Amino acid sequence: MNEQPPGEADLDALLAAYDRELEYFASTAELLMPVMRALLAAIDAAFVTPEDPQVIAGARNARARYVETLAGLKPLIDDWLRVRGANQRAWEAEPFMDDARFERLQELGARETRLALERGEFDALQELVRHRLLLFEELLPGR
């Protein structure tokens, strides 16, 4: 197999995709994390006082806001799926980069490292939301 090394335009496109991949996560987390926290608080309140129709309605409204927010993110998520993995492809192309591109790659890698802690918090919140929503629907059907 005789593959050609990536050209300058290819390298620039890889770096741009890596940057978009990081930006998509940061933007999504910034938008979704407060909505997820509000949803969890509303569900927790519903578990504490399941007999209060206003509290139950508040939890259902918080769930609706969460679903609306997710639906609004669909175009961003669709594009994120197209660039997903750009970080790995960019690092694989590192031997072909000049100094300026390598510096940009390192900056993107440092940004990804900074986002890693937030990513862990985001993933934990997502898992908690998924779990609590299931419980909410099972324990309070038809309310």
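When you read off a place in the sequence shown, starting at 1, and then add 15, the result is the number in the numbering used here. Beta carbons: idealized from backbone N, C-alpha and C, even for Gly. Computed from a prediction, not measured in an experiment: that's the story for all the values here.
Under 8 angstroms between C-beta atoms of L30 and L91: Walking along the sequence shown from the start, residue 30 turns up at place 15. Walking along the sequence shown from the start, residue 91 turns up at place 76. Taking the C-beta atoms as reference points, L91 is found no nearer than 8 angstroms to L30.
Quick check on R99: buried or exposed, where buried means 16 or more other Cβ atoms within 10 Å of its Cβ? As a first step, residue 99 must be located in the sequence shown, where it is residue number 84. Exposed, since its Cβ has fewer than 16 Cβ neighbours within 10 Å.
Determine the direct distance from the alpha carbon of N102 to that of L54, and round the result to whole angstroms. Along the sequence shown, one-based indexing puts residue 54 at 39. Along the sequence shown, one-based indexing puts residue 102 at 87. Note on geometry: alpha-carbon atoms of L54 and N102 lie some 32 angstroms from one another.
Consult DSSP for P90 and reduce its assignment to one of helix, strand or coil. On the sequence shown, residue 90 is found 75 positions in, with the first residue counted as 1. Annotated three-state conformation of P90 is helix, per DSSP.
What did DSSP end up calling R80 once you bin it into helix, strand or coil? For the purposes of this step, residue 80 is identified with residue 65 of the sequence shown, where counting begins at 1. Helix.
Is DSSP giving Q14 helix, strand or coil here? For residue 14 there is no data in the structure shown, the boundaries of the chain being 16 and 158.
If distances are taken between C-alpha atoms only, which option among A108, R147, K89 and L46 comes closest to Q19? Your numbering for residue 19 matches position 4 in the sequence shown. Measuring from the Cα of Q19, the nearest candidate turns out to be A108.
7 angstroms CB neighbourhood of R80 in its chain, flanking five on each side removed: Indexing the sequence shown from 1 puts residue 80 at position 65. Excluding residues within five positions, the ones whose Cβ falls inside 7 angstroms are V50.
Rounded to whole angstroms, how far is the Cβ of A105 from the Cβ of Y33, which I believe are closer than 8 angstroms? If you number the sequence shown from 1, residue 105 lands on position 90. If you number the sequence shown from 1, residue 33 lands on position 18. Indeed they touch by this definition, with Cβ atoms about 5 angstroms apart.
Is T43 close to chain D? Criterion is C-beta to C-beta, closer than 8 angstroms. Given the protein chain composition of this structure (a single chain), no chain D is represented.
Apart from the five residues just before and just after G73, which ones in its own chain have a Cβ nearer than 6 angstroms to its Cβ? As a working note, residue 73 is residue 58 in the sequence shown. Excluding the 5 residues flanking it on each side, G73 has same chain C-beta neighbours closer than 6 angstroms at A57, in chain order.
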